[in-house]
Amino acid sequence: MTTRACLFFLLVAFSLSIEGRAQSAPDESLARELEEVARVATVMVDGDVCQRIMTERALKKMFVVDPEDRWAGADNFDVNAEPFIQTKKTLMRLARLRPYPVDCNLWMLFKENPRQIQILIRNQYEMSRFWTWGVLTQEIPPEMADVLSSGKPKTTTGKDGLVSVLTPVYNSLGEIVGLVEVVGRARMNWQENVK
Amino acid sequence: MSFWKSLYSRAGRSLRILALLPLLAMAALPFSAHGQTVQLEASSEYSRPDPFGNIVEADRSKGENRDAKDSPGLLRAARNGYASFHLTAKLPAGGPYSLSVSFQKPAGLQIDLLKAWYHLHQKSRTYYPDALIPVLNPFQASLPDAENRIPGQTSQAFWVDVFIPRDTPPGRYDGEATLQSGSRRASMKIQLEVLQAAIPEDDPVIVDHNSYGTSWLAQLYPKLSRAQGDGFFRSDALFSLIHAYHRLFYEHRGAFHQLGYGHAGKVGPEFAPALAGVGREKKITSWELYDRHYGPLLDGSAFARTRRGARPIPFVYLPINPEWPASFLAWGEPGYEAEFVNVVGEMERHFRAKGWTRTRFEMFFNHKKRYKGFHWDGDEARFSKDDAPAREFDRLLKKAVPRDSPVQFVHRLDASWRLEDQFKSLAGVVNFWICSTTILSWLPEPLQAVRQRGDIVWTYAGPPAIDEASSAILENPLRAWMWSADGYVHWLTVSPSTDPWFASEGETTCLAYPGERFGIDGPIPSIRLKIQRNFLQDLSLMRALEKTHAPDLLRREVSRRVNGTAPADWWNPRPALANLPPEDWTNPAIDRAVAATQHRYQNWSPRYWQPIRQYILNLAEGGQPQ
Numbered sequence: 096m097t098t099r100a101c102l103f104f105l106l107v108a109f110s111l112s113i114e115g116r117a118q119s120a121p122d123e124s125l126a127r128e129l130e131e132v133a134r135v136a137t138v139m140v141d142g143d144v145c146q147r148i149m150t151e152r153a154l155k156k157m158f159v160v161d162p163e164d165r166w167a168g169a170d171n172f173d174v175n176a177e178p179f180i181q182t183k184k185t186l187m188r189l190a191r192l193r194p195y196p197v198d199c200n201l202w203m204l205f206k207e208n209p210r211q212i213q214i215l216i217r218n219q220y221e222m223s224r225f226w227t228w229g230v231l232t233q234e235i236p237p238e239m240a241d242v243l244s245s246g247k248p249k250t251t252t253g254k255d256g257l258v259s260v261l262t263p264v265y266n267s268l269g270e271i272v273g274l275v276e277v278v279g280r281a282r283m284n285w286q287e288n289v290k
Numbered sequence: 006m007s008f009w010k011s012l013y014s015r016a017g018r019s020l021r022i023l024a025l026l027p028l029l030a031m032a033a034l035p036f037s038a039h040g041q042t043v044q045l046e047a048s049s050e051y052s053r054p055d056p057f058g059n060i061v062e063a064d065r066s067k068g069e070n071r072d073a074k075d076s077p078g079l080l081r082a083a084r085n086g087y088a089s090f091h092l093t094a095k096l097p098a099g100g101p102y103s104l105s106v107s108f109q110k111p112a113g114l115q116i117d118l119l120k121a122w123y124h125l126h127q128k129s130r131t132y133y134p135d136a137l138i139p140v141l142n143p144f145q146a147s148l149p150d151a152e153n154r155i156p157g158q159t160s161q162a163f164w165v166d167v168f169i170p171r172d173t174p175p176g177r178y179d180g181e182a183t184l185q186s187g188s189r190r191a192s193m194k195i196q197l198e199v200l201q202a203a204i205p206e207d208d209p210v211i212v213d214h215n216s217y218g219t220s221w222l223a224q225l226y227p228k229l230s231r232a233q234g235d236g237f238f239r240s241d242a243l244f245s246l247i248h249a250y251h252r253l254f255y256e257h258r259g260a261f262h263q264l265g266y267g268h269a270g271k272v273g274p275e276f277a278p279a280l281a282g283v284g285r286e287k288k289i290t291s292w293e294l295y296d297r298h299y300g301p302l303l304d305g306s307a308f309a310r311t312r313r314g315a316r317p318i319p320f321v322y323l324p325i326n327p328e329w330p331a332s333f334l335a336w337g338e339p340g341y342e343a344e345f346v347n348v349v350g351e352m353e354r355h356f357r358a359k360g361w362t363r364t365r366f367e368m369f370f371n372h373k374k375r376y377k378g379f380h381w382d383g384d385e386a387r388f389s390k391d392d393a394p395a396r397e398f399d400r401l402l403k404k405a406v407p408r409d410s411p412v413q414f415v416h417r418l419d420a421s422w423r424l425e426d427q428f429k430s431l432a433g434v435v436n437f438w439i440c441s442t443t444i445l446s447w448l449p450e451p452l453q454a455v456r457q458r459g460d461i462v463w464t465y466a467g468p469p470a471i472d473e474a475s476s477a478i479l480e481n482p483l484r485a486w487m488w489s490a491d492g493y494v495h496w497l498t499v500s501p502s503t504d505p506w507f508a509s510e511g512e513t514t515c516l517a518y519p520g521e522r523f524g525i526d527g528p529i530p531s532i533r534l535k536i537q538r539n540f541l542q543d544l545s546l547m548r549a550l551e552k553t554h555a556p557d558l559l560r561r562e563v564s565r566r567v568n569g570t571a572p573a574d575w576w577n578p579r580p581a582l583a584n585l586p587p588e589d590w591t592n593p594a595i596d597r598a599v600a601a602t603q604h605r606y607q608n609w610s611p612r613y614w615q616p617i618r619q620y621i622l623n624l625a626e627g628g629q630p631q
């Protein structure tokens, strides 16, 4: 509770009222600022809670291949509201550490399928350097694999000016169970992914 | 002197062209001069000509030859509507040509001549006409068409629309289509019978054309967006373009929707008023973009110069989603309610002050869990726990909007898996239902109950591909009418293939094409959209007939004429599947549940609606229903 209260105080100090301001961070400083958010994210995002987000049922259905029902995984996708909301709110607060549009996305690994990863929580600016829009799961990209194996954050840049910092998420056993992608761009595209 | 004028002065007539037909009839009079002939042929709206002078296979009945003829005969039409047909210029030897269509009596008939674009269907390697490019009348061009680039093209099809104003005197109108190529000439008489009956303004089934966001506009209109640079999405050019799409669908008796937010809550600034502040202090700071976008649509002025006249759009999405206007950060806390109620209350006051009271403003949640933005399915919920947020938003909306507000807010829900449950569990919460056609097909009694309590019910599906019979576009709106539903939604209608012109993937998400390729800063219609419009005219006329004929009787007669069935046959028996929890259903199981009745929708004659239209027109002229 104390930690959360401190974080909230910190956030207020950063004057959160972003509400979609369009001002862009200068390119050269954006990565550094996102790295700072990522550092806090690894501390604040609770991997145990994240591991409870997906329902057991949905996890079981996710990798069942039914050639007659290609949407079965998506149609059965489901989450537990409490851990989802708790984690999403933490990610939203982290994003507000910067006074310009930033998203903190949660990516989670699967025990059932170690080569795959899924974006599990996205946020309001709908930015990601790695998510192929609409896919439920995807192969672990090499940049993420680096972070998962080294435990060290990694800054990447790429398509459409997106700057993305990947940082590990740990559970109470000290295992890396996923990643937070802290992502922003120097020049916001307000129409992208409005669909 | 133009070709058209010279032609008619030679003939000694002083016919002034363009005012055409409501109901036409035409008799082809191919005219052969020396050398190779040129020909004009007309076919009904359901018989699309290909670029080689034949009717496309999809529009031919079983056993019909490639060169089957389908003259529309005498055109008959009610006033305040359109009569239409395909007109094909055939020039086996190619070369420049001029085409004109005209009527003798200056009765106010208005002719629209639209040149068909032949799309090369990638899968079948076959050409299908669909996009329609408005052209001048008379029109001059050459065959083969240099732009369409069809090897061996010998024919060019045109869609002819004749608009018959409401005040047109009933009677027979004679017209003529003329094709001239050098010294070769062909002409065709056109006969249109304008009936006393007039098509009402309102439609019994609202056909909606859905879309998402505005980024597609920049992609489909690269010249226009480049000219505006970074300011395109705030420019008058953008809003003019959006209004042009609304006008196109409105003129084709449809509605148009653009959803303004994404699955994780991102709102395009052009879809919402600007906000600032947090908690109790959250408020609207600017209506500038919103009013430029929606003002002309909500007061009807965007439609002022249309044939149907100025009228506000019937429905519009609100930008409300779990992240707007209240931040999800406050979800479940007092601040969420404060932000929502403050801002939506401000919206209600703004709409009221503007007099925007004829449009239904939709609170609608499109997000799905699978897109990882929020923890419940707003759209097509599968789990009963997902009803709770719908109830909460309904509570918030009712708190924000005064009970006696003249502004019409509606709570819309798109439902499939849990439709039957939600009709009951969300009674009094949701009052606008967009229903899976398949699931609704076994729920006739629940539908009736929902409509009786005053809810609005639409069905949804998508447009047929261009390689299906051209009358396939009628199936879903017809089914909606048979079921007495209020509307039908094509889920996506402005998204052509990557290359719709030379590598079409079927255009199952496109009924309006970008006109920029043809120098038009706006959309151009498709043949499917035209056919749908003419069908909606018929339904509208049927609505008027319900004043003097029992609605059940009309449906019975139409059903019998469509496929020899009774209205009850348009429903499916409630399957055993429906007794299982929806989370245990699978898509194949749903398909199997309705498979036994699918034959009723198959193997219809491509031109099945033609005699039904005549039946409706006869009724409108005082004929007996049976």
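Chains as they are written, first to last, in my numbering: chain A, 96 to 290; chain B, 6 to 631. For every residue, glycine included, the Cβ atom is placed at its ideal position computed from N, Cα and C.
Using DSSP with H/G/I as helix, E/B as strand and the rest coil, what is B:Asp574?
Position 569 of the second sequence, counted from the first residue, corresponds to residue 574 of chain B. Note: B:Asp574 maps to helix in three-state DSSP.
Quick one: is A:Ala240 near chain B, going by C-beta distance under 7 Å?
The count along the first sequence starts at 1 and reaches residue 240 of chain A at position 145. Cβ-Cβ to chain B under 7 Å: no for A:Ala240.
If we cut at 7 Å on Cβ distances, does A:Met139 have a partner in chain B?
On the first sequence, residue 139 of chain A is found 44 positions in, with the first residue counted as 1. Closer than 7 Å: no.
In chain order, what residues of the same chain lie with their CB nearer than 8 Å to the CB of B:Asp557, ignoring the 5 residues before and after it?
For this step, residue 557 of chain B is matched to residue 552 along the second sequence. Closer than 8 Å at Cβ, skipping near neighbours: Pro572.
At the 7 Å Cβ level, is B:Leu334 part of the contact set with chain A, yes or no?
As a working mapping, residue 334 of chain B is identified with position 329 in the second sequence. Judged by the 7 Å Cβ criterion, B:Leu334 is in contact with chain A.
If you run the structure through DSSP and keep just helix, strand and coil, what is B:Lys120?
The residue you call residue 120 of chain B lines up with position 115 of the second sequence. It is a strand residue.
Using DSSP's beta-bridge definition, name the partner residues of B:Lys95.
Position 90 of the second sequence, counting from 1, holds the residue named residue 95 of chain B. DSSP output for B:Lys95 lists B:Gln44, B:Ser160 as bridge partner(s).
Return the CA-CA distance between A:Glu70 and A:Thr185, expressed in angstroms with no decimal places.
Only positions 96 to 290 of chain A appear in this structure, which leaves residue 70 of chain A out of reach.
Would A:Trp285 pass as an interface residue toward chain B - the criterion being a Cβ-Cβ separation below 7 Å?
Your numbering for residue 285 of chain A matches position 190 in the first sequence. At least one CB atom of chain B sits nearer than 7 Å to the CB of A:Trp285.
Between the segment 394–420 of chain B and chain A, which residues of the former have CB atoms less than 8 Å from a CB of the latter, in chain order?
none
Within 10 Å of its beta-carbon, does B:Lys271 have 16 or more other beta-carbons around it, so buried, or fewer, so exposed?
In the second sequence, residue 271 of chain B corresponds to position 266, counting from 1. Per the 10 Å Cβ criterion, buried.
Could you confirm whether any beta carbon from chain B is found closer than 7 Å to the beta carbon of A:Asp164?
Taking the first sequence and counting its residues from 1, the one referred to as residue 164 of chain A is at position 69. Judged by the 7 Å Cβ criterion, A:Asp164 is in contact with chain B.
Using beta carbons (cut-off 7 Å, strictly below), is A:Gln219 in contact with chain B?
Taking the first residue of the first sequence as 1, we reach residue 219 of chain A at position 124. Judged by the 7 Å Cβ criterion, A:Gln219 is in contact with chain B.
DSSP on B:Leu29, reduced to helix/strand/coil?
Start at 1 with the first residue of the second sequence, and residue 29 of chain B comes out as number 24. Because the pLDDT of B:Leu29 is 37, which lies under 50, any placement of that residue in the model is unreliable, and the number read from its coordinates should be weighed accordingly. If DSSP states are grouped into helix, strand and coil, B:Leu29 belongs with the strands.
Can you list, in chain order, the residues of its chain with a C-beta nearer than 7 Å to that of B:Val434? Leave out the 5 residues immediately preceding and following it.
Your numbering for residue 434 of chain B matches position 429 in the second sequence. Here the set comprises Ala395, Arg396, Asp399, His416.
How is B:Gln542 classed by DSSP in three states: helix, strand or coil?
Against the second sequence, residue 542 of chain B aligns to sequence position 537. Helix, per DSSP.
Below-7 Å beta-carbon distance, A:Ala176 vs any chain B residue:
As a working note, residue 176 of chain A is residue 81 in the first sequence. So, interface residue.
Which runs of the alpha helix (DSSP H) at least 4 residues long sit entirely within the segment 290–372 of chain B? Give them in chain order.
293–303, 339–359
Helix or strand or just coil, what does DSSP make of B:Trp640?
In the structure as shown, chain B starts at 6 and stops at 631, and residue 640 of chain B therefore has no counterpart that could be examined.
9 Å Cβ cut-off: residues of chain A touching B:Ala82
Counted from its first residue, the second sequence places residue 82 of chain B at position 77. Chain A residues near B:Ala82: none, gap ~40 Å exceeds 9 Å.
Burial state of B:Arg310 (16 or more Cβ within 10 Å):
As a working note, residue 310 of chain B is residue 305 in the second sequence. By the 10 Å Cβ count, B:Arg310 comes out exposed.
Inspect the beta-carbon positions of B:Leu125 and B:Phe507 and report whether they are closer than 7 Å.
On the second sequence, residue 125 of chain B is found 120 positions in, with the first residue counted as 1. On the second sequence, residue 507 of chain B is found 502 positions in, with the first residue counted as 1. Contact flag set, yes.
Taking B:Pro324 as the reference, which of B:Leu280, B:Ala358, B:Arg548, B:Val499 has the closest Cα?
The residue labelled residue 324 of chain B in the question sits at position 319 within the second sequence. Measuring from the Cα of B:Pro324, the nearest candidate turns out to be B:Leu280.
Can a CB atom of chain B be found closer than 7 Å to the CB of A:Met203?
Start at 1 with the first residue of the first sequence, and residue 203 of chain A comes out as number 108. False, the Cβ-Cβ gap to chain B never drops below 7 Å.
Does the beta carbon of B:Lys429 sit closer than 7 Å to a beta carbon anywhere in chain A?
Counting from 1 along the second sequence, the entry for residue 429 of chain B is found at position 424. No, B:Lys429 does not count as interfacial toward chain A.
Roughly how many whole angstroms lie between the Cα atoms of B:Tyr178 and B:Gly113?
Locating residue 178 of chain B in the second sequence gives position 173, counting from the first residue. Locating residue 113 of chain B in the second sequence gives position 108, counting from the first residue. Between B:Tyr178 and B:Gly113, the C-alpha separation is close to 11 Å.
Tell me the rounded alpha-carbon separation between A:Met187 and A:Trp285.
If you number the first sequence from 1, residue 187 of chain A lands on position 92. If you number the first sequence from 1, residue 285 of chain A lands on position 190. When rounded, the distance between both Cα atoms is 18 Å.
Applying a beta-carbon distance threshold of less than 8 Å, which residues of chain B neighbour A:Arg188?
Within the first sequence, residue 188 of chain A is the residue found at index 93, counting from 1. Result: Leu334.
Relative to the C-alpha of B:Pro482, which residue among B:Glu50, B:Ser545, B:Gln457, B:Phe437 is closest?
Along the second sequence, read from residue 1 onward, the residue named residue 482 of chain B stands at position 477. The shortest C-alpha separation from B:Pro482 is found at B:Ser545.
Nearest to B:Arg597 by CA position, among B:Ser475, B:Thr443, B:Ser49, is which residue?
Numbered from 1 along the second sequence, position 592 holds the residue referred to as residue 597 of chain B. Of the listed residues, the one whose Cα sits closest to B:Arg597 is B:Thr443.
Note down, in chain order, each residue of its chain lying with its Cβ closer than 7 Å to the Cβ of B:Ser500, except the 5 sequence neighbours on either side.
Walking along the second sequence from the start, residue 500 of chain B turns up at place 495. Here the set comprises Trp221, Thr514, Cys515.
Closer than 8 Å at the beta carbon, the chain B residues around A:Ile214:
Start at 1 with the first residue of the first sequence, and residue 214 of chain A comes out as number 119. Chain B residues near A:Ile214: Lys377.
Could you tell me the boundaries of the alpha helix (DSSP H) in which A:Ser245 lies?
Position 150 of the first sequence, counting from 1, holds the residue named residue 245 of chain A. Counting along the chain, the alpha helix (DSSP H) containing A:Ser245 begins and ends at 237–245.
Go to B:Met193, then tell me how far its beta strand (DSSP E) extends in each direction, as first and last residue.
Taking the second sequence and counting its residues from 1, one reaches residue 193 of chain B at position 188. Following the DSSP letters along the chain, one finds B:Met193 inside the beta strand (DSSP E) bounded by residues 189–203.
If you measure from the beta carbon of B:Ala269 to each beta carbon in chain A, is any gap under 7 Å?
The count along the second sequence starts at 1 and reaches residue 269 of chain B at position 264. At least one chain A Cβ lies under 7 Å of B:Ala269.
Looking only at C-alpha atoms, which of B:Tyr322, B:Leu184, B:Leu148, B:Asp55 sits nearest to B:Lys194?
Stepping through the second sequence from its first residue, residue 194 of chain B is reached at position 189. Answer by Cα proximity: B:Leu184.
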